[in-house]
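Read the structure below first, then the notes.
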């Protein structure tokens, strides 16, 4: 962060501390890449518009899933139940650069060929309307085109559940 004044550096450190205290939802994003399915745990994600309904999912440029998503037209966003520790570990700590995550979990082809995780609490598939560079992440603006049947979500994976994970890649 070259050229920043001390107050700017302090503000950024304070901002990082503030964000680290929040308990936002975590998602698993999947995509059908040229070499097969790919997916990762994502925390930089949120609904960003009501009309039309839009969602933004940020993927790190260092991530295998981001590379797989580059030619893709659709992504799936999954909400994972807290009880699914193995899925969280698989998609949060391991990298598709070295293992086939999908050989280790139950999944099926969903709308537009996007992989759908069978043990997710809910999911939606979004058409990628735009990609936006956001620092070290690429934001994928998604328009939902298919959504799993709605039901009570119960307890789902949030930041506090994954705080201790060692990511497969740095951010």
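In this note's numbering, the protein residues as written are 64 to 234.
Cβ coordinates follow ideal geometry from the N, Cα and C atoms, glycine included.
Since the model is a prediction, treat every value here as computed from it, not as a measurement.
{"query": "With a cut-off of 8 Å on the beta carbons, I'd call residue 32 and residue 178 a contact; round off their distance for me.", "result": "The structure shown does not extend to residue 32, since the chain is modelled only from 64 to 234, so the question has no answer here."}
{"query": "Would you kindly check if the distance between the Cβ of residue 142 and the Cβ of residue 88 is under 8 Å?", "result": "yes"}
{"query": "Quick one, which of 140, 79, 223 and 169 has its alpha-carbon nearest residue 110's?", "result": "140"}
{"query": "Compare the beta carbon distance of residue 200 and residue 123 with 8 Å and say whether it is the shorter of the two.", "result": "yes"}
{"query": "Whole angstroms are fine: how far does the CA of residue 147 sit from the CA of residue 108?", "result": "20 Å"}
{"query": "Using 10 angstroms around the beta-carbon of residue 80, count the other beta-carbons present and answer buried if the total reaches 16, otherwise exposed.", "result": "exposed"}
{"query": "Would you tell me roughly how many angstroms separate the C-alpha atoms of residue 168 and residue 150, rounded to the nearest one?", "result": "7 Å"}
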